[in-house]
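J.: Counting from 1, one number per residue, gives the positions in the sequence shown under full-length UniProt numbering. Don't be surprised by glycine CBs; every beta carbon is placed ideally from N, CA and C. Bear in mind that the values here come from a model prediction, so they are computed numbers and not experimental data. This is the structure, below, for whatever I ask next.
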Amino acid sequence: MDEQVIFTTDGTGSISSIHSFEQFNLRQCSTNGKNSAVQVGNKLLFVAQAHKALINVYNVSGPHKRESVEQRLPLPEVVRCLEVVENRTGALGQNGKVHHRLAEFNLPYLLLASTESGKLYVWELNSGILLSVKPMAHYQAITKIRSILDGRYIVTSGADARVIIWQTMDLVSMEEPKPVCILHDHTLPVTDFQVSCSYGEFLSVSGTKLFTVSEDATLRCYDLSSLNNRGSSKNSLPNLVATFTFPLAITSLALDPADRACYIGTDSGCFNLQLFYRLSGSKIVNLVQSSDNNASGARIYSLVETSQEQHREKLYLAGQLACEKLIDVGVTCLKTSMDGTLLLAGDCLGKVSVIEIFSKQILRSMQPVTTSQETQQRVTNILLETQSTTSKNDIITETNAKQPSKIPSLQRSIYDRTVRGQLHEINFQVGEDDETIPLPISDFESYADQLRSQQAVLSRPNGFNSSIKTVGSDSSTKKLAIGDEDDDKDRQIADLKDNVETLKQAYQELRKLHEKLYQDHEKLLQTSN
1 MDEQVIFTTD GTGSISSIHS FEQFNLRQCS TNGKNSAVQV GNKLLFVAQA
51 HKALINVYNV SGPHKRESVE QRLPLPEVVR CLEVVENRTG ALGQNGKVHH
101 RLAEFNLPYL LLASTESGKL YVWELNSGIL LSVKPMAHYQ AITKIRSILD
151 GRYIVTSGAD ARVIIWQTMD LVSMEEPKPV CILHDHTLPV TDFQVSCSYG
201 EFLSVSGTKL FTVSEDATLR CYDLSSLNNR GSSKNSLPNL VATFTFPLAI
251 TSLALDPADR ACYIGTDSGC FNLQLFYRLS GSKIVNLVQS SDNNASGARI
301 YSLVETSQEQ HREKLYLAGQ LACEKLIDVG VTCLKTSMDG TLLLAGDCLG
351 KVSVIEIFSK QILRSMQPVT TSQETQQRVT NILLETQSTT SKNDIITETN
401 AKQPSKIPSL QRSIYDRTVR GQLHEINFQV GEDDETIPLP ISDFESYADQ
451 LRSQQAVLSR PNGFNSSIKT VGSDSSTKKL AIGDEDDDKD RQIADLKDNV
501 ETLKQAYQEL RKLHEKLYQD HEKLLQTSN
């Protein structure tokens, strides 16, 4: 298992790995700002080009990744941020009772893009249809777009100091979609935000936290549990749980996969804020714990740089929290590894540092290999994707595979919903039948059939006169039936008799050997006495 790293600067794009030193450069890759690249599945990479109304598509899958542009998607205007809404139900769902794997050519459901003027575009990727355009989603440029809770909601932040939460269904189906809620507690442009990985039951928003950072040197934490009561309660705004003030403007934010810590990036370095704050001994405080009794407002903390453990409790009583500094260079992008032990920090010099969080040591540094004269270019995007080790069979399959299908062109005119009965084509590929054993909670009948077939194989080692289902076949048509003809029965009976005779001879030889060894043992005992 390895983790592939894709990072871009203002004028370059590179593909590397955390645990190996191989590196590839993406050609004709130039970005206009942060969050301008998004990974589509595990094969494609979308990059919004700087000063061009164009999206470059790269193939970044497996050992045969290509450095050149795979496809170019023209746009109505220059875009800044990109985001996709995955089609998980279609790709990993069921067709009747047959489970399907992820298809070779699998596209997300939606593609979202933003402009400098605060406009929000929504395309359907499988058809290329422009579903909606929100002209004034933000009053100024949108700085980040993210889909949360399995695509149910879309969160956008902008330079107008606002964070807006949209419902995905409203953006797709309504001509004038209205946001679910608007957060306007910040006073300067919102630079980054993160959503916690802890969900409630059945992917509900109970317990989900939203962390936002801004140039006003504040980190704010919101509880999104109130989104469940939208429509039944007048006050559906997320509850502000805590506010953390910092002496420097915050440029980026990363969250631990287990929601244990926040990593804050500034122009003077990266800092580690432990959300489960240790005071003294075994006493630990949850800084972002929601409380219904917090009627007076959110808790406010001031972050200070110190590493002295004995002063932690005194600082906490004074409303201050101690933060450790991980790196001293100006940080523009942050990303945590899958297990939360490593932190990838992109700086303003175009270098990505892999930091071990526990020891605060830089394990390695990655930077683009380029011949450009402009060497000092900031890191604009860091994308991390886990990859399993590719076997030889996978390499042969990829070599013999056909050319990948092309993505439909993105339309420039908005889809007209007023015309009734109109249809449009959607290119969607269904994956192969999944031969693995299904989970009992998803399909108990298929799970029981698989267990019965395995038990039949174990109870009948010779495999004769048995009816065993083949993996991935229909139970009513494909069965292994042996012994239909008389000749086959006679041959099978003869084979069984030969096997029995062979086993008898082997048993007799073993018994003779055991008796001989026992007699030798008795003789040794008599001589010793």
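Would you report the Cα separation of Gln4 and Ala261, rounded to the nearest angstrom?
T.: When rounded, the distance between both Cα atoms is 23 angstroms.
J.: Using only the alpha-carbon positions, how far apart do Phe246 and Leu410 sit?
T.: If I take the Cα positions, the gap works out to 43 angstroms.
J.: I'd like the span of the alpha helix (DSSP H) that includes Lys43, first residue to last.
T.: Lys43 -> no alpha helix (DSSP H), and no H or E assigned at all.
J.: For Gly41 versus Leu26, is the C-beta spacing smaller than 9 angstroms?
T.: Not a contact, by the Cβ cut-off of 9 angstroms.
J.: Within 10 angstroms of its Cβ, does Met366 collect 16 or more other Cβ (buried), or is it exposed?
T.: It is buried - the Cβ of Met366 has at least 16 other Cβ atoms within 10 Å.
J.: Measuring alpha carbon to alpha carbon, tell me which of Asp256, Ser173, Val172, Met169 ends up nearest Lys209.
T.: Nearest C-alpha to Lys209: Asp256.
J.: Could you check what DSSP says for Leu317 in three-state terms: helix, strand or coil?
T.: Residue state, collapsed to three classes: helix.
J.: Helix, strand or coil, according to DSSP, for Lys504 in the structure here?
T.: Correct three-state label for Lys504: helix.
J.: Cutting at 6 angstroms between CB atoms, please list the residues of its own chain near residue 606, excluding the five before and the five after it.
T.: A question about residue 606 goes unanswered here, because the residues of the chain that appear run from 1 up to 529.
J.: Which residues in the same chain as Leu111 place their Cβ atom closer than 6 angstroms to its Cβ, once the five residues preceding and following it in sequence are excluded?
T.: If we look at Leu111 and ignore the five residues flanking it on each side, its Cβ neighbours are Val84, Trp123, Leu125.
J.: Counting Cβ pairs, one atom from each stretch, are 3 or more of them under 8 angstroms apart for the segment 52–60 and the segment 69–80?
T.: The answer is yes - the segment 69–80 touches the segment 52–60, with three or more Cβ pairs under 8 angstroms.
J.: Quick check: what's the CA-CA separation for Thr319 versus Cys181?
T.: The residue you asked about is not Thr; residue 319 is Gly in the sequence shown. If I take the Cα positions, the gap works out to 30 angstroms.
J.: Do Ala322 and Cys270 have their CB atoms nearer than 9 angstroms?
T.: No, Cβ-Cβ distance for Ala322 and Cys270 is not below 9 angstroms.
J.: Run the CB neighbour count on Val38, radius 10 Å, all protein chains shown included, and call it buried at 16 or more, exposed below.
T.: It is buried - the Cβ of Val38 has at least 16 other Cβ atoms within 10 Å.
J.: Which two residues bound the contiguous beta strand (DSSP E) that contains Asp170?
T.: Counting along the chain, Asp170 falls outside any beta strand (DSSP E), though it belongs to the alpha helix (DSSP H) covering 168–173.
J.: Helix, strand or coil for Asn126? Go by DSSP, reduced to three states.
T.: Coil, per DSSP.
J.: Which of the three DSSP states is assigned to Gly90 in this structure?
T.: In this prediction, Gly90 scores a pLDDT of 49, lower than 50, which makes its location untrustworthy; the coordinate-derived value is nonetheless stated afterwards. In the structure shown, Gly90 sits in a helix (DSSP, three-state: H, G or I).
J.: Output needed for Arg299: all residues of its chain with C-beta closer than 6 angstroms, excluding positions within five of it in sequence on either side, in chain order.
T.: Same-chain partners within the cutoff: Ala242.
J.: Taking the C-alpha atoms as reference points, what is the distance between Glu445 and Leu451?
T.: Their backbone Cα atoms lie some 10 angstroms apart in a straight line.
J.: Grouping DSSP H, G and I as helix and E and B as strand, with all else coil, what is Thr527?
T.: Correct three-state label for Thr527: helix.
J.: Output yes or no for whether 9 angstroms exceeds the beta carbon distance between Asp192 and Thr251.
T.: Yes, these two residues count as a Cβ contact at 9 angstroms.
J.: Between Ile142, Pro189, Lys335, Ser198, which lies nearest to Val379 when the distance is taken from Cα to Cα?
T.: With distances taken between Cα atoms, Val379 lies closest to Lys335.
J.: Exposed or buried, His106, counting other C-beta atoms within 10 Å across all chains shown (16 or more means buried)?
T.: The identity of residue 106 in the sequence shown is Asn, whereas the question assumes His. When all chains shown are included, Asn106 counts as buried.
J.: Short of 7 angstroms in beta carbon distance, which residues of its chain neighbour Lys65, apart from the five on each side in sequence? Order them along the chain.
T.: Contacts found: Ile15, Phe24, Asn59.
J.: Evaluate contact between the segment 132–147 and the segment 113–120, counting only Cβ atoms and requiring at least three cross-stretch pairs below 8 angstroms.
T.: Yes, the segment 132–147 touches the segment 113–120.
J.: Taking only the alpha-carbon atoms, compute the straight-line gap between Val78 and Tyr316 and give it to the nearest angstrom.
T.: In a straight line, the C-alpha of Val78 is about 47 angstroms away from that of Tyr316.
J.: Give me the Cα-Cα distance between Val190 and Pro238, rounded to the nearest whole angstrom.
T.: One C-alpha to the other measures close to 17 angstroms.
J.: Helix or strand or just coil, what does DSSP make of Ser353?
T.: In the structure shown, Ser353 sits in a strand (DSSP, three-state: E or B).
J.: Would you kindly work out how many angstroms separate the C-alpha atoms of Glu343 and Leu171, rounded to a whole number?
T.: Per the sequence shown, the amino acid found at residue 343 is Leu instead of Glu. Leu343 and Leu171: Cα-Cα distance of roughly 34 angstroms.
J.: By the three-class DSSP mapping on this structure, what secondary structure does Gln71 have?
T.: Of the three classes helix, strand and coil, the one that applies to Gln71 here is strand, per DSSP.
J.: Write down the C-beta distance between Glu356 and Thr341 rounded to the nearest angstrom, noting that I regard them as a contact closer than 8 angstroms.
T.: That belief holds up - the Cβ atoms of Glu356 and Thr341 are roughly 7 angstroms apart, short of 8 angstroms.
J.: Nearest-angstrom Cα distance between Arg412 and Ala254?
T.: So the two alpha carbons sit approximately 35 angstroms from each other.
J.: Report the CB separation of Thr266 from Val331 in whole angstroms; it is logged as a contact under 8 angstroms.
T.: Correct: roughly 7 angstroms between the Cβ atoms.
J.: When you compare each of Arg152, Gly158, Val133 to Ile145 by their alpha carbons, which one comes out closest?
T.: Residue Gly158 is the option with its Cα nearest to Ile145.
J.: According to DSSP, is Ile407 part of a helix, a strand, or is it coil?
T.: Coil.
J.: Given a cut-off of 9 angstroms, decide if Ser30 and His51 are closer than it, judged by their beta-carbon atoms.
T.: Contact flag set, yes.
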